[in-house]
Amino acid sequence: MRPPMTLRSPLAVAVLGCSICLLFASACAIRLIGDYDDVIDKGITEFQTKVETHLISLESASGTPQAEYRPEFYDAAEASLNALASRARASFKKDILAKQLDSLCASIEDLRKLHKSFGPKMPRQSVEAARSALRVHIESILHLELALRRGKIAGLAPPPAPGGIVQCE
Amino acid sequence: MALNGEQLMEDMLQAALPILRKGGADALTFATGELRKMAELAVSVEAQLIAGEIDQAQAALLFDMQKQASKAVLLTVQGLGLVNAELALNAALGVIKGVVNTAVRFPLL
Numbered sequence: 000m001r002p003p004m005t006l007r008s009p010l011a012v013a014v015l016g017c018s019i020c021l022l023f024a025s026a027c028a029i030r031l032i033g034d035y036d037d038v039i040d041k042g043i044t045e046f047q048t049k050v051e052t053h054l055i056s057l058e059s060a061s062g063t064p065q066a067e068y069r070p071e072f073y074d075a076a077e078a079s080l081n082a083l084a085s086r087a088r089a090s091f092k093k094d095i096l097a098k099q100l101d102s103l104c105a106s107i108e109d110l111r112k113l114h115k116s117f118g119p120k121m122p123r124q125s126v127e128a129a130r131s132a133l134r135v136h137i138e139s140i141l142h143l144e145l146a147l148r149r150g151k152i153a154g155l156a157p158p159p160a161p162g163g164i165v166q167c168e
Numbered sequence: 000m001a002l003n004g005e006q007l008m009e010d011m012l013q014a015a016l017p018i019l020r021k022g023g024a025d026a027l028t029f030a031t032g033e034l035r036k037m038a039e040l041a042v043s044v045e046a047q048l049i050a051g052e053i054d055q056a057q058a059a060l061l062f063d064m065q066k067q068a069s070k071a072v073l074l075t076v077q078g079l080g081l082v083n084a085e086l087a088l089n090a091a092l093g094v095i096k097g098v099v100n101t102a103v104r105f106p107l108l
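Here the protein sequences come in this chain order: A and B.
Heads up: the first sequence at position 93 corresponds to 92 in numbering that gives the first Met the number 0, and the numbers run straight through without jumps.
Heads up: the second sequence at position 15 corresponds to 14 in numbering that gives the first Met the number 0, and the numbers run straight through without jumps.
Written out as structure tokens, the structure is:
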């Protein structure tokens with residue numbers, strides 16, 4: 000008759016070890032969020048430069064033909080954001096970024112409507128309010144991207160193989 | 000050597016908790032700063048509306064920009080939470096790997 004398996008026997012230890020492995024997905028590195036993307040980082044930074052330039056122009060040239068509404072800036076801005084959002088949607092676990100970029104696009108559309116409404120005479124305080132909202136928005140996006148870059152240095156798991164959510168060594 | 004479940008859990012918590020605490024504090028600092036700016040913006044828009052510098056439709060557009068920005072802030076906080084959870088989880092899993100491999104005396108993990 001075989002003795003009962005005890006917790007101290009090598010077989011029991013191996014079974015327990017295997018159970019823990021299965022429970023924690025074999026201790027493979029877990030990925031909960033996508034990787035830092037320098038294309039997104041640079042794209043957002045360039046976008047911010049263009050927006051700030053546009054807003055400065057609205058303030059400094061207020062009341063002149065130079066500050067009149069023209070669709071080209073807004074069309075180009077929304078096209079840039081749509082391209083970045085597409086990249087985010089195509090990337091692994093970057094859906095938070097995609098939502099942020101879609102939301103930023105909605106803000107640019109709001110600014111477009113404001114500009115059409117005011118014409119070349121948007122009040123300085125309204126320009127400042129729009130600037131504040133857009134800065135907070137863009138800085139939020141950059142803050143998360145830079146946190147991902149730091150996390151990569153600190154030890155976030157490497158990107159998974161295509162189609163995978165778990166990276167095993 | 001038999002695995003000690005209590006010790007294993009303690010070791011995992013030791014690895015994960017400092018990461019979660021620091022990450023939570025950082026996210027709170029970020030959110031507080033950004034949402035304060037949003038509150039100030041809301042006051043400014045209201046003042047413009049009362050002063051007659053903007054009409055209701057224009058105020059609604061500025062408030063929508065503020066709402067979109069607040070949404071972005073909270074999405075970032077969510078993202079920071081995921082970054083920290085990932086770091087904490089992988090730190091805890093790293094502890095299991097070492098202990099289990101030592102207990103079973105071969106590189107099981």
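Heads up, the beta-carbon is just placed ideally off N, CA and C, and yes, glycines get one too.
As the structure is a computational prediction, the values presented were derived from the model and not from experiment.
Helix, strand or coil for residue i, going by three-state DSSP, please let me know.
i         : result
Ile-29/A  : strand
Leu-12/B  : helix
Lys-70/B  : helix
Ile-53/B  : coil
Arg-123/A : helix
Ala-38/B  : helix
Gly-22/B  : helix
Pro-17/B  : helix
Glu-67/A  : coil
Leu-88/B  : helix
Phe-105/B : coil
Asp-63/B  : helix
Gly-32/B  : helix
Once you ignore the five residues that flank residue i on each side, which residues in its own chain have a CB closer than 8 angstroms to its CB?
i        : result
Pro-64/A : Pro-119
Leu-74/B : none
Thr-44/A : Leu-141
Gly-93/B : Ala-14
Tell me which residue opens and which closes the alpha helix (DSSP H) that residue i is part of.
i         : result
Tyr-73/A  : 70-89
Ser-116/A : 94-117
Asp-40/A  : 37-59
Give every residue of the same chain whose Cβ lies closer than 7 angstroms to the Cβ of residue i, excluding the five residues on either side of it in the sequence, and list them in chain order.
i        : result
Phe-23/A : Residue placement at Phe-23/A is poorly supported in this model, since its pLDDT is 47, which falls under 50; the coordinates are not used for a value here.
Gln-47/A : Ile-137
Glu-58/A : Arg-123, Val-126
Ile-18/B : Asn-83, Leu-86, Ala-87, Ala-90
Would you say residue i faces chain D, with C-beta separation under 8 angstroms as the test?
i         : result
Gly-150/A : Reference to chain D is not applicable here, since the protein chains of this structure are A and B.
Let me check understanding here. Comparing Cα to Cα, which of the options lies closest to residue i?
i         : options                                  : result
Ala-46/B  : Ser-125/A, Glu-45/A, Asp-94/A, Ala-75/A  : Ser-125/A
Glu-127/A : Asp-74/A, Phe-91/A, Glu-51/A, Ile-140/A  : Glu-51/A
Leu-143/A : Val-82/B, Val-44/B, Asn-89/B, Glu-52/B   : Val-82/B
Lys-93/A  : Ile-39/A, Ala-28/A, Phe-72/A, Ile-29/A   : Ile-39/A
Ile-137/A : Ala-91/B, Ala-71/B, Glu-85/B             : Ala-71/B
Met-11/B  : Lys-96/B, Val-103/B, Ala-91/B            : Ala-91/B
Lys-98/A  : Phe-72/A, Glu-67/A, Ser-139/A, Gly-150/A : Ser-139/A
Starting from the C-beta of residue i, find all residues in its chain whose C-beta is less than 6 angstroms away, skip the five residues before and the five after it, and write them out in chain order.
i        : result
Ile-32/A : Lys-92
Gly-42/A : Leu-83
query: Between the region 28-45 of chain B and the region 57-65 of chain B, do at least 3 Cβ pairs fall closer than 8 angstroms?
result: yes
field: Given 8 angstroms, three or more beta-carbon pairs between the region 22-32 of chain B and the region 83-92 of chain A
entry: The region 22-32 of chain B, when compared against the region 83-92 of chain A, does not touch it at the 8 angstroms Cβ threshold.
- prompt: Are the region 101-119 of chain A and the region 72-82 of chain A touching, with three or more C-beta to C-beta distances below 8 angstroms?
  reply: Verdict: yes, contact present.
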